[in-house]
Amino acid sequence: MKENITANTISPESLKTEYVSPENCVFGRNKNGFISATVNGKEYGRVILTRALPLAMPDDYICISDIDKNEIGIIEHTKVFPTEQQQLINEELGQRYYCPVITKIESIKEKMGHFYFDVMIGDFKKSFAVRDISKSIRQHGDAIDLIDIDGNRFRILDFEAIPSKSRRKLEPYLY
Amino acid sequence: MGKKKEKNPHPPKPEKGRFPKALMVELDKAGLDTKDLIFCCTGDMDNEACYCSAWLSFDKKGLYIALGEEEEIKTKRKNKRERPEPKFTVNKIQSIPIDDIDSLETERYVSTGRLIMKKGGEQISLIRFSVGKLAQFNNFTRAFNSFKDKGEAELPSSPEPDEHKCKKCGKLCPPGKDFCPKCNKKSSTALRLFKFFGGYIPQIILIIAIMLAGSAVNVFIPQISTRSLFDDVLANPNGLAAAELLKALGVLVLSIFGVRLLNTLLTVIQQYVTAAIMPKVVYDIKVKIFNAMQRLSVNFYSSKQTGSLMERVVRDANNIYWFFIDGVPALIIDTATVIGVVAIMFAMSWKLSLITIAAMPILFVGLFFGDKVFRRLHHRSWLYGARVSAMVSDNINGQRVIKAFAKEDDEFERFSKVSGDHTKADLKLSLTEATVFPILEIFVMGLSTVVLGFGGVMVARGEMTTGTLLSYIVYLEMLRGPFDFLSWISNWWARCADSAQRVFEICDAKPDITEKENAVSFDNLRGDIEINELEFEYEPARPVIKKLSLNVKAGDMLGIVGKTGAGKTTIANLIARLYDAKEGNVKIDGIDVKDLKLAELRRNIGLVSQDIYLFIGSIADNIRYAKPDATMDEVIAAAKAASAHDFIMKLPDAYETRVGAGGQKLSGGERQRISIARTIIQNPKILILDEATAAMDTETERNIQHSLTELKEGRTTIAIAHRLSTLRDADYLAVIEDGKIIEYGTFPELIKQKGEFYKQYKIQSEALKTIGIGTGIPADSKEDEQE
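Chains as they are written, first to last, in the working numbering: chain A, 18 to 192; chain B, 104 to 890.
This is the structure in structure tokens:
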């Protein structure tokens, strides 16, 4: 018979993950606009939220740490929090994981092993260069991330939703 | 005398940490007094992460954040490649009094960063920026904080982070390069490539002469094989008798054979001469790349995959080889053939030639679009192929893990999917080829038929002979090959130029670690090591070593302990100058390592790293790597000191056992012992043991420990270890955590302190006790064991 593996099977009590829920965790904003939290009655003036699975499950498994990066707990599903609390969490995550969103690809030119992109990010025209194209384009579901030579990331939220001309330009470089 | 033309004009670069003059003027207009600005930095976003131009600066009174726009004004420039002057518009300036700020700090997110000001324990967000600007913002933060603390701004000692802008045109440019690929024109790549052929000019002239002669013969063949055969012999215009006709036919056949033989001979000679010089050129290219790679620093190798570097030495050199051995000759022959054939066609019948020429644009348009489609399909097929190769390589390297987890079937499924995608891409390519080429074929066939039809009418009217028409058709067919070739030679050249660019990238790369012009040598090295306020980071805003200071007296042994990732190995790398510190310095005998001759420094530092690499060769060769002239007595003595002699003698080929890739399999501990022997034979004044005995059993470790204790006599030793028992002979111990020293002292002192070292020691001694091994810790620690 197949044994069900749980967190307790793998890790002993001392290493047990502290999952937080609306019952023991309330988020707020400090006066300077940063997200704060009260977890198990303890107040944290500023907390840092990080995603465990930023691409596959952006709303689940969110780690809460204090400003010294000590883990306070993990939110298993943000959906269980009240709407205004979810909004706070999403705003904070949105800032940390913000990627400029490409809405149109004007041109991709290959010159001597470098790929030069001219794209539109909303109404803003942005140019960037990519070195190793097969490693700098990351596909996850419908979304595509492009990483330029400086480490900046740009995202196409839904490849099928961008103009067909733009799709045709990028398509040869996708796996 | 004419005025000397300025080469590559571009606006002067602003001084380090300063804004361009035009911007200063605009900021002045907007009400910011720029006279006394201490340090400046340019951003690219506002506080809401919206793109705009941002300029940060500070003076004695405050910190200023200006937001606005920067655009390059396109004016009539004499040199089109000249970088246009930027125009600045300042929309908003935020001033914060300097007394309202305790300090500044940056935070790194996924694709952006944030500049935060601290005031009385509170954090206030000032501005966001793209993660690529992080290094510049860190310099700004450092300058501001040091000014706030000490009243003097600490300017970055490392060069200003690159703006990645071409010096000629201002467009994007690869990091570390002054010019973008467009300004670094292909012609210059071609010119550099042709320089490799500099020593073979007579052979090249001979090759071109033979090719042109071959083309002339080729063009002449249809005149004999078709026109003369039909018009002069088969049509029998002179009414010759059967025997004479047969004789004329024989002469003609022999002539055809002779001309074809001559053509083949010329081709053979050309190929022989080309083949004789090309391997030498490729050898020159490979040696040049390999030599350039040896000069580059460790950082260069960390940022590139081994596969990609191997490709440069092997595949890129071969791409250049095939272009020059196949492409260039074919280009010369085909160009000469097209010119010759078109000239003959016009001479034979200008009317038919006009029809042919009129149809050519349609053919070219077809070839142009076909080329675009095929490039895309070829590239996709190549990408899927690369993915299959990557998966095979991953699978082979991970075979032990795959088998340990019984994942063979899952791996097969994964491979089948990727391989299936590759097959689909190839299939699409083949189907497109199978559709497009017949269409082109039909078009050319149609053209030949039209020419044949018109030609037939001309023959019937007596304007042309049958032989001339048939040879005309042969000439028309002869154009197909060269046109086809000329349509894709540009792609071939692009691939060769691409490879050449990668080759030159290595040849031109500047090593991070360079030796100063007036570098000094040691007079008589004692081995004093002094580390002053050392700071280092592999990636911007992720410091690994933070203002670390240490002193090790000559002949002493310093033990460095700490958790994984604390920065222990980085300290060793910085002492050996495998990397350069961001701030602070490392001095040996009072001389900064940056002022020392590199070879001298490395010769005097023996580094036994935790990453052991044995080269392909015998064990003896590996041991004497640092001292190739070492005698066998020295090799054995070194092996004995490293406790390696006994296991080596048990191997069938003893010291002649082949190790490295494809050689004898050795355990981690055995490899480590050979690596120690290799360092011992070097006889360095400074010995760095970075987890040197980590892969050994306790008994072997103790044996080596005994040897190393003898070995450390008269030399400075730095030993890095997780296992504290390794460090019991250390004169001093430094406990590192998060890039800083948290505890320092002798073994008994640290035990008494009951800090981090004591905690680690206790955990380890308890663990060893459970498996029945004593810790061998000195008597001073007994009180703790009793507790």
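Just so it is clear, CB atoms sit at the ideal spot from N, CA and C, and this is done for glycine as well.
Remark: C-beta atoms of T782 of chain B and G709 of chain B approach each other more closely than 8 Å.
In the DSSP assignment, Q103 of chain A falls within the unbroken alpha helix (DSSP H) covering 100–113. Listed by position along chain A, the residues whose Cβ is nearer than 9 Å to that of Q226 of chain B are N47, N49, F51, G62, R63, I84. V401 of chain B sits close to L681 of chain B, with the two beta carbons spaced by under 8 Å. In the DSSP annotation of this structure, P75 of chain A is not part of any beta strand (DSSP E), being labelled neither H nor E. Residue pairing of S82 of chain A in beta bridges, as defined by DSSP: A:I65, A:E88.
A straight-line Cα-Cα distance of about 11 Å links R564 of chain B and F557 of chain B. Contact annotation for R184 of chain A against chain B: no contact, minimum CB-CB distance about 12 Å [criterion: below 7 Å]. For D437 of chain B, the number of other beta carbons within 10 angstroms of its own is at least 16, and it is reported as buried. Contact of A152 of chain B with chain A is assigned, a C-beta pair being separated by under 8 Å. Rounded to whole angstroms, the separation of the alpha carbons of L717 of chain B and T849 of chain B is 35 Å.
For R217 of chain B, the enclosing beta strand (DSSP E) covers residues 215–222. In the DSSP assignment, M752 of chain B falls within the alpha helix (DSSP H) that extends over 748–753. Cα atoms of L110 of chain A and L72 of chain A: separation of roughly 12 Å, rounded to the nearest angstrom. In the three-state scheme derived from DSSP, where H, G and I count as helix and E and B as strand, C610 of chain B is classed as helix. Per the C-alpha coordinates, the member of B:S156, B:N150, B:D419 positioned closest to K190 of chain B is B:S156. Inter-residue distance for N41 of chain A and E60 of chain A is about 11 Å (C-alpha atoms, whole angstroms). Per DSSP, V504 of chain B is one residue of the alpha helix (DSSP H) stretching across 502–507. Look at the beta carbons and you see the stretch 315–327 of chain B not touching the stretch 449–459 of chain B: under three pairs across the two are nearer than 8 Å.
Chain B places a beta carbon closer than 8 Å to that of D167 of chain A, counting this residue as a contact. When DSSP states are grouped into helix, strand and coil, L343 of chain B belongs to the coil group.
The DSSP-derived three-state label of P39 of chain A is coil. Contact note: Y212 of chain B reaches chain A through Q112, R113, Y114, Y115, using a C-beta cutoff of 8 Å and chain order. Residues of the stretch 215–240 of chain B with a C-beta atom less than 7 Å from some C-beta of chain A are T215, E225, Q226, I227, S228, S233, V234, G235, listed in chain order.
For S160 of chain B, the enclosing beta strand (DSSP E) stretches over residues 154–161. Bridge partners of M660 of chain B according to DSSP: B:T820. At least one C-beta of chain A is nearer than 8 Å to the C-beta of R483 of chain B. When the five nearest sequence neighbours on each side are left out, the beta carbons in the same chain lying within less than 6 Å of the beta carbon of S484 of chain B are those of A528, D529, L532, in order along the chain. In this structure, L589 of chain B sits away from S551 of chain B, with a CB-CB distance that is not shorter than 8 Å. By the Cβ neighbour-count rule, S624 of chain B is exposed, with fewer than 16 other Cβ atoms within 10 Å of its own. Excluding residues up to 5 positions away in sequence, R155, R170, R172 lie with their Cβ nearer than 6 Å to the Cβ of D162 of chain A in the same chain. Counting C-beta pairs closer than 8 Å gives fewer than three between the stretch 236–254 of chain B and the stretch 115–133 of chain A, which falls short of the contact rule. Comparing C-alpha distances from Y575 of chain B to each of B:F333, B:K865, B:L486, B:A351 shows the shortest one belongs to B:F333.
Of B:V336, B:S358, B:I380, B:N242, the smallest CA-CA separation from G302 of chain B is found for B:I380. A residue is called buried once 16 or more other Cβ atoms fall within 10 Å of its Cβ, and Q397 of chain B, having fewer, is exposed. A straight-line Cα-Cα distance of about 18 Å links G501 of chain B and S770 of chain B.
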